[in-house]
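Residue numbers (the working numbering): 51 to 307. Remarks on the structure that follows.
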């Protein structure tokens, strides 16, 4: 009987020990799994953010007030710049081909045929040609005055709304500098309230100041590139208009003879 109790006791101890070992092993495995998952979850936090995520983060840190106004300047400036670029590209005309067509029309069908060519051609140069041809009955002097006057009108159409882009170019960095000043004032207010010069107190204000300045300068640089392209395009079209006006008067003089 004692022997039976001894065997049962040993068997129970072995079963209890096995269960404990299994529990400890399972616990260790679970702890290891949780630690691995924690490390995996924490790993992406150490990875650098993408460009758009970083930009969004910096925009939020800069404050919605001034950063929103600077962003509005960028949106409005780009909208006007894109509209002007499309308009200027549509206003570009093959001056040599138009001049040749007008000259051929004058030789074969007269002024009315040349006016028809101008009506079927888009762009300010064709419009100037049409105005000059429409005044040929009143004399060459009247035609020249019409060409000069309508050339000024067309130049105004080319330069329409361009001044708004230059306004946004000047306004964006000014708003950034204003954000810088306000951020520095906030930093010094915190120092005054705390009565101690601690980096953690002024870091937030200085960070806002620098971010608003950077975004203002970036907006101004982007708009400046578009502005310079638009001005160069306008100058090119205006030069073509002036050359075309001189060519038209030469054609009219030869046609009169």
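Every residue, glycine too, gets a C-beta built ideally from N, C-alpha and C.
Nearest-angstrom Cβ-Cβ length linking residue 298 and residue 167, presumed shorter than 8 Å | Indexing the chain shown from 1 puts residue 298 at position 248. Indexing the chain shown from 1 puts residue 167 at position 117. The pair is not a contact, with the Cβ atoms about 12 Å apart (cut-off 8 Å).
Span separating the alpha-carbon of residue 215 from that of residue 171 = Within the chain shown, the letter at position 165 stands for residue 215. Within the chain shown, the letter at position 121 stands for residue 171. Straight-line Cα distance between these residues: approximately 30 Å.
At a cut of 8 Å, does the region 257-273 reach the region 227-239 through at least three beta carbon pairs?
-> Because the criterion of three Cβ pairs below 8 Å is met, the region 257-273 and the region 227-239 touch.
Residue 304 to residue 157 span [Cα, whole Å] | The sequence position of residue 304 within the chain shown is 254, counting from 1. The sequence position of residue 157 within the chain shown is 107, counting from 1. Residue 304 and residue 157: Cα-Cα distance of roughly 10 Å.
Spatial neighbours of residue 265 within its chain, please: CB distance less than 7 Å, with the 5 preceding and 5 following residues excluded, ordered by chain position.
-> Taking the first residue of the chain shown as 1, we reach residue 265 at position 215. Short of 7 Å from the beta carbon of residue 265, and not among the five residues preceding or following it, lie these beta carbons of its own chain, in chain order: 112, 117, 120, 226.
Grouping DSSP H, G and I as helix and E and B as strand, with all else coil, what is residue 171?
-> Taking the chain shown and counting its residues from 1, the one referred to as residue 171 is at position 121. If DSSP states are grouped into helix, strand and coil, residue 171 belongs with coil.
Are the Cβ atoms of residue 276 and residue 129 separated by less than 8 Å?
-> Against the chain shown, residue 276 aligns to sequence position 226. Against the chain shown, residue 129 aligns to sequence position 79. No, Cβ-Cβ distance for residue 276 and residue 129 is not below 8 Å.
Is the beta carbon of residue 222 sitting closer than 8 Å to the one on residue 123?
-> Here residue 222 is taken as the residue at index 172 of the chain shown, counted from 1. Here residue 123 is taken as the residue at index 73 of the chain shown, counted from 1. Closer than 8 Å, so yes.
Please report how far the alpha carbon of residue 185 lies from the alpha carbon of residue 300, in whole angstroms.
-> Here residue 185 refers to the residue found at position 135 of the chain shown. Here residue 300 refers to the residue found at position 250 of the chain shown. One C-alpha to the other measures close to 15 Å.
At which residues does the alpha helix (DSSP H) containing residue 240 begin and terminate?
-> One-based indexing of the chain shown puts residue 240 at position 190. Taken as a continuous stretch (DSSP letters only), the alpha helix (DSSP H) holding residue 240 covers 212-244.
How many angstroms separate the CA atom of residue 137 from the CA atom of residue 242?
-> Start at 1 with the first residue of the chain shown, and residue 137 comes out as number 87. Start at 1 with the first residue of the chain shown, and residue 242 comes out as number 192. For residue 137 and residue 242, the distance between alpha carbons rounds to 55 Å.
Compute the Euclidean distance between the alpha carbons of residue 240 and residue 256, then round it to the nearest angstrom.
-> Residue 240 sits at position 190 when you count from the first residue of the chain shown. Residue 256 sits at position 206 when you count from the first residue of the chain shown. A direct Cα-to-Cα measurement between residue 240 and residue 256 gives close to 12 Å.
Can you name the start and end residues of the alpha helix (DSSP H) that residue 206 belongs to?
-> To locate residue 206, count along the chain shown from 1; it is residue 156. Note, residue 206: alpha helix (DSSP H), 190-208.
Exposed or buried, which one is residue 302 when buried takes at least 16 other CB atoms within 10 Å?
-> For the purposes of this step, residue 302 is taken as residue 252 along the chain shown, with counting starting at 1. So residue 302 counts as buried.
Residue 186 - DSSP class collapsed to helix/strand/coil | Stepping through the chain shown from its first residue, residue 186 is reached at position 136. In this structure, residue 186 counts as helix in the three-state DSSP scheme.
Would you call residue 203 buried or exposed, if buried means 16 or more other Cβ atoms sit within 10 Å of its Cβ?
-> Your numbering for residue 203 matches position 153 in the chain shown. Exposed: under 16 other Cβ atoms inside 10 Å.
With 16 as the cutoff for other CB atoms within 10 Å, does residue 207 come out buried or exposed?
-> As a position in the chain shown, residue 207 is number 157, starting the count at 1. Residue 207 counts as exposed, since fewer than 16 other beta carbons sit within 10 angstroms of its beta carbon.
Run the CB neighbour count on residue 210, radius 10 Å, all protein chains shown included, and call it buried at 16 or more, exposed below.
-> As a working mapping, residue 210 is identified with position 160 in the chain shown. Under this definition residue 210 is an exposed residue.
Would you mind giving the Cβ-Cβ distance between residue 178 and residue 290, rounded to the nearest angstrom? I have them listed as a contact below 8 Å.
-> Working through the chain shown from its first residue, we reach residue 178 at position 128. Working through the chain shown from its first residue, we reach residue 290 at position 240. The Cβ separation is near 10 Å, so there is no contact.
Assuming residue 141 and residue 281 make a contact with CB atoms under 8 Å, what is their CB distance in whole Å?
-> For the purposes of this step, residue 141 is identified with residue 91 of the chain shown, where counting begins at 1. For the purposes of this step, residue 281 is identified with residue 231 of the chain shown, where counting begins at 1. Not confirmed; about 14 Å, so no contact.
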